[in-house]
Amino acid sequence: MKNLTKTLVFIFALISFNSFAQNYSPKFLQAATNGLDQIVAAKNAEDYIKAENYFDRIAAVETKEWIPSYYAAYCNLYAGYFTADKDLKDQYWDKALLEIEKAGTLSANNSEIYALKGALQFMKMTVDPRNRIYLMSESAESLEKAETLNPENPRISLIRGQDTFYTPEAFGGGKTKAKPILESAVAKFAIFKPANAIEPNWGAEPAKALLAQCK
Amino acid sequence: MQSLKLTLFFLFLISFANAQTKISGVLKSTKGIPVANANISLKGSYDGTSTDSTGRFAFTTTETGLRILQFSALNFVQDSVQINLSNGNITLNLILKEAANLLQTVNISAGSFITGDKKKGAVLSSLDIATIAGSRADVFAAMQTLPGAQTAFAESGLFVRGGSASETKTYFDGMLVKSPFNATVPDQASRGRLSPFLFKGTSFSAGGYSAEYGQALSSALVLESTDLPAKTTTGISLLSVGGGLDQNIRFKNSSITAGGYYYNLSPIYGIIKQNHNYIKAPEQLGGNIQYKLKSSETGMFKIYASYSRTRLALYRANIDTPAAPRYFSNNNLNIYINSTYKEYFGDRWKLETGIAYNKDRDAGLMTVNDYSRQDHLLEGKATLTKFFGQLSNFRFGAETFATGRKESLNGLLRKYDDQVSSGFAETDLFLTHKIVVRLGLRGEYSSYLQKYNLAPRTSLGLKTGIHSQVSFAYGRFYQNPEDEYLIIKSTGFEQADHYILKYEINTPDRNFRIEGYYKDYNQLTKLNNGIPDNSGSGYAKGFELYWRDKKSIRNADYWLSYSFLDTKRNFRDFPMMATPSFAAKHTVSVVYKHFFESLHTQFGGTYSFASGRPYVNPNNPVYLADKTQTYNSLSLNASYLTHVFRQFAVLYLNVNNVPGFNQVYGYQYSANGLNRQAIVPAAKRDFLIGLMITIGDNTFIR
Chain A
14 MKNLTKTLVF
24 IFALISFNSF
34 AQNYSPKFLQ
44 AATNGLDQIV
54 AAKNAEDYIK
64 AENYFDRIAA
74 VETKEWIPSY
84 YAAYCNLYAG
94 YFTADKDLKD
104 QYWDKALLEI
114 EKAGTLSANN
124 SEIYALKGAL
134 QFMKMTVDPR
144 NRIYLMSESA
154 ESLEKAETLN
164 PENPRISLIR
174 GQDTFYTPEA
184 FGGGKTKAKP
194 ILESAVAKFA
204 IFKPANAIEP
214 NWGAEPAKAL
224 LAQCK
Chain B
87 MQSLKLTLFF
97 LFLISFANAQ
107 TKISGVLKST
117 KGIPVANANI
127 SLKGSYDGTS
137 TDSTGRFAFT
147 TTETGLRILQ
157 FSALNFVQDS
167 VQINLSNGNI
177 TLNLILKEAA
187 NLLQTVNISA
197 GSFITGDKKK
207 GAVLSSLDIA
217 TIAGSRADVF
227 AAMQTLPGAQ
237 TAFAESGLFV
247 RGGSASETKT
257 YFDGMLVKSP
267 FNATVPDQAS
277 RGRLSPFLFK
287 GTSFSAGGYS
297 AEYGQALSSA
307 LVLESTDLPA
317 KTTTGISLLS
327 VGGGLDQNIR
337 FKNSSITAGG
347 YYYNLSPIYG
357 IIKQNHNYIK
367 APEQLGGNIQ
377 YKLKSSETGM
387 FKIYASYSRT
397 RLALYRANID
407 TPAAPRYFSN
417 NNLNIYINST
427 YKEYFGDRWK
437 LETGIAYNKD
447 RDAGLMTVND
457 YSRQDHLLEG
467 KATLTKFFGQ
477 LSNFRFGAET
487 FATGRKESLN
497 GLLRKYDDQV
507 SSGFAETDLF
517 LTHKIVVRLG
527 LRGEYSSYLQ
537 KYNLAPRTSL
547 GLKTGIHSQV
557 SFAYGRFYQN
567 PEDEYLIIKS
577 TGFEQADHYI
587 LKYEINTPDR
597 NFRIEGYYKD
607 YNQLTKLNNG
617 IPDNSGSGYA
627 KGFELYWRDK
637 KSIRNADYWL
647 SYSFLDTKRN
657 FRDFPMMATP
667 SFAAKHTVSV
677 VYKHFFESLH
687 TQFGGTYSFA
697 SGRPYVNPNN
707 PVYLADKTQT
717 YNSLSLNASY
727 LTHVFRQFAV
737 LYLNVNNVPG
747 FNQVYGYQYS
757 ANGLNRQAIV
767 PAAKRDFLIG
777 LMITIGDNTF
787 IR
């Protein structure tokens, strides 16, 4: 019994050690930073696909890290966003959903992953809202899960604000409804500190830009 | 000296370590087209790059030795090549194979309309069905706007490609529903019992369907129920004809939904003049309960049970003796239970099982005669699917159902019971991702008929472009004669052969299809001096067009259906080959929906046209040679999205036959043939107002 307790304590210590210690290899850290630079510089679908390819290559080597798959999904979200062809949009977002799913298996109960998943589900819905209205509730579910995991994650409010902003008023959306959500997003972004340089830290600018449009 | 050596050694090491190999080349598809934005990567390292718009790529690596170079792109199969990094720079000409993806993969589609929320190329979603003007959220009415289906006039049901109503069967999660329609008033079609909101998908097949479905000569309507609701919500509906309440309770991996409703048409019949003299306007009371359990990541158990009672009584005009109208009353009881379980085993096997029970009892008074009728069905079914290759599968299964009817007239009782057992096997073989062949076989044995049947079915799909395909289907279909004949005498299976050829173009915003078919009927039930036998036969041939466009007009969505039907049959009490009264040669439907954002309202309109249908005129020596006038109908609806007590609500208005077209379903003649009376709708126009409120959710989701 005592042994068991000891083992358990040891296991818990290990888990907490692992989750707090960001033991990234310098090589991985550098590569991820380079990738983030590519994202910042990206201007069109092609740039995002190239950045996605880059994170895919890292993900193939770093099979225990969720971050490369997360950003690959993020890149595909924007690649789809900047593409006009609905079939292609759909394909980018299908791929992004697979990538975010993979990130989820590497890091369970991660608020950032659920937030991005919620954003992707919503975008999938917009391709064919009539036939995919069910995705709206799936997206809401993912965002709720993200919120229970970390209510201070500002990206949840940003994504919700965005979704509300672009949803017609009649369907419970509109600028007036989006405004308080985006305000809370901006407030949360102001105090948000990512755990390290490569964990998700995007969205402050779009939140401000969108909020400006609500006024 | 020693230190110099060491320094040199280290310098050498460093320069060796920094020895870079440049890998460059071009990536093309098997057709020689450059592949842009492909991912080129050196396995096991971060090194790699993306191809440019001309398929060219170049990158350097410090890796050495024999390594694997991988290359992949969207819509292509990932490939790799071994390279040796020790012999200097490398130039490569790489070729990538196109992948089978959902967009470019052919499917089995002849005869069928894929509908449903989650399916690619879906034609109608559940929300579409609910908002078609004139359909008043009736699944069957909505299906009548698709080509191949006729407008149902004086009889409940879905009349498909010259087939009678009994030739279309309804399946709920794969299980046969014996009585899918509400209690019927003579000469008037009635609504389906099942709400469109129960389903995430409805697949309507006008022919050539899978060997999984038996006992249907013309058409299969396959309804697929929704999975777990997202949230706990309460739904309230207040209609001009009654109201309903339902409660959804969502648990972590399961949900319970319970609901009840009460409809009474007497207040509305006080406002809208009816062509029938009602003594008791239809009154319905019912409830249902659903339990769903997600038993594992891929497993789902569902049970749906419903109960309803309907009462009505009226006087029907009596053309022989106008002073003595005929009395008709009906008390209906319907019980339906459907329970299914499905689960995947590994990623190659899928099991689907189910048990369903249906009892439908009608009783009342017909003129002076007491009648009662009770239909029952108890079904068990299991299907196994094995997936193989990239897309192909093999399915086989068995089902058995105990069915029959019991009826009495003034205490005289008669009944029949049947045990129909069947097995089927079917495979979808993808020869390439552009060619698919389905081969299926179904066998049935009926204990009452004491006969076997064996029905081969096959389909072929051929992709002709990214968005287009050609399909062909052949199939043989059997079904038992209708209960009203079986109860008199055991005969044999009725039989139909379908041949279908279709061309379609599907994009996310537009659908176009043209389909031609020929149906050969044999062994149809025919009455010879009141005794049924299997000497009937017939044919149906025609073609259909469908066009749907969600893009050309902003915020609008419309579709057009046209059906041409040429059919003749000699069955039931026909003295000769003739076109049955339910078959119109030309049928047109136009459905239009427009959402006005500023008004928070969707407006919809449905126009239906049917050319004249034959009716029996005893004064005309040629049977079924007279035709009714053409049928026209224009229905309009509006759905206003709003909030009531801060809860999401939809205010709904539907008006049928707005211009008040005269609609004649057929004629009834007096016994001496001198007088006749038109069979017309219960009311020229009719309207429905409803308010649907959803508590617990502020979005338009149920």
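These protein sequence lines are chains A and B, in that order. Under the numbering used here, the letters of the first sequence match residues 14 to 228, in that order. Under the numbering used here, the letters of the second sequence match residues 87 to 788, in that order. Built from N, CA and C at the ideal position, the CB exists for glycine as well. Bear in mind that the values here come from a model prediction, so they are computed numbers and not experimental data.
The alpha helix (DSSP H) runs of length 4 or more contained entirely in the stretch 108-184 of chain A are, from start to end of the chain, 124-140, 147-162, 167-179. Counting the other CB atoms within 10 Å of its CB gives Ile-154 (chain B) a total below 16, which places it among the exposed residues. Against chain B, a Cβ distance below 7 Å from Asn-57 (chain A) picks out nothing, because the smallest value is about 11 Å. Annotation: the continuous beta strand (DSSP E) that includes Ile-154 (chain B) extends over 152-158. Trp-79 (chain A) places its beta carbon less than 8 Å from that of Ala-116 (chain A). Assigned with DSSP and collapsed to three states, Pro-193 (chain A) falls in helix. Taking C-beta atoms under 8 Å as the contact rule, Thr-254 (chain B) and Gly-243 (chain B) qualify, at a distance of about 6 Å. Interface residue (Cβ-Cβ distance to chain B less than 8 Å): Ala-73 (chain A) is classified as such. In this structure, DSSP gives Arg-634 (chain B) an extended state, which the three-state scheme calls strand.
A straight line joining the alpha-carbon of Glu-241 (chain B) with that of Thr-439 (chain B) spans about 33 Å. Close to chain B, meaning a Cβ-Cβ distance shorter than 8 Å, are the following residues of the stretch 129-145 of chain A: Val-140, Asp-141, Arg-143, Asn-144, Arg-145.
Within chain A, no C-beta atom comes less than 8 Å from the C-beta of Tyr-738 (chain B); the nearest is roughly 14 Å away.
If you ignore the 5 residues before and after Ser-675 (chain B), its C-beta comes within less than 6 Å of the C-beta of Thr-231, Ser-647, Ser-694, all in its own chain and listed in chain order.
Beyond the five residues adjoining it in sequence on each side, Tyr-502 (chain B) comes within less than 7 Å, by CB distance, of Gly-490, Arg-491, Tyr-534, Leu-572, Ile-573 in the same chain, given in chain order.
Under the 8 Å criterion on CB atoms, Arg-173 (chain A) is classed as non-interfacial with respect to chain B.
A distance of 8 Å or more separates the beta carbons of Leu-419 (chain B) and Lys-428 (chain B).
By the neighbour-count criterion, in which a residue is buried when 16 or more other Cβ atoms sit within 10 angstroms of its Cβ, Ser-305 (chain B) is buried. Of the residues B:Gln-581, B:Arg-599, B:Thr-407, B:Ser-508, the one whose Cα lies closest to the Cα of Tyr-607 (chain B) is B:Gln-581. Arg-279 (chain B) carries a coil assignment under DSSP once its states are collapsed to helix, strand and coil. Separation of the CB atoms of Leu-379 (chain B) and Ser-340 (chain B) is rounded to 4 Å, and the pair is thereby assigned contact status at 8 Å. Using a CB distance cut-off of 8 Å, Asn-179 (chain B) does not count as an interface residue toward chain A. When DSSP states are grouped into helix, strand and coil, Phe-239 (chain B) belongs to the coil group. The beta carbon of Ser-221 (chain B) sits closer than 6 Å to the beta carbons of Ala-227, Ala-228 from its chain, once the five residues preceding and following it are set aside; these are given in chain order.
In this structure Ile-365 (chain B) is exposed. Its beta-carbon is surrounded by fewer than 16 other beta-carbon atoms within 10 angstroms. Asn-123, Asn-125, Ser-127, Gly-130, Ser-131, Tyr-132, Gly-134, Ser-136: these are the residues of the stretch 107-141 of chain B whose beta carbon lies less than 7 Å from some beta carbon of chain A, given in chain order. At a cut-off of 8 Å, the C-beta of Gln-104 (chain A) has a neighbouring C-beta in chain B. About 18 Å separates the beta carbons of Cys-88 (chain A) and Tyr-127 (chain A), which is beyond the 8 Å limit, so they are not a contact pair. Identification of chain B residues near Ala-44 (chain A) by a Cβ-Cβ cut-off of 9 Å yields Tyr-132, ordered along the chain. For Leu-160 (chain B), a Cβ of chain A is located within less than 8 Å of the residue's own Cβ. Under the three-state reduction of DSSP, Ile-358 (chain B) is assigned to coil, being neither helix nor strand. When Cβ-Cβ separations below 8 Å define contact, Ser-82 (chain A) makes no contact with chain B. Under the three-state reduction of DSSP, Val-271 (chain B) is assigned to coil, being neither helix nor strand. Minimum Cα-Cα distance from Ala-410 (chain B) among the listed residues B:Thr-453, B:Thr-384, B:Tyr-393 corresponds to B:Thr-453. By the rule that beta-carbons nearer than 8 Å mark a contact, Ile-194 (chain A) does not touch chain B. Counting along the chain, Gly-93 (chain A) sits inside the alpha helix (DSSP H) bounded by residues 80-94. Annotation: Asn-209 (chain A) to Gln-43 (chain A) spans about 13 Å, alpha carbon to alpha carbon.
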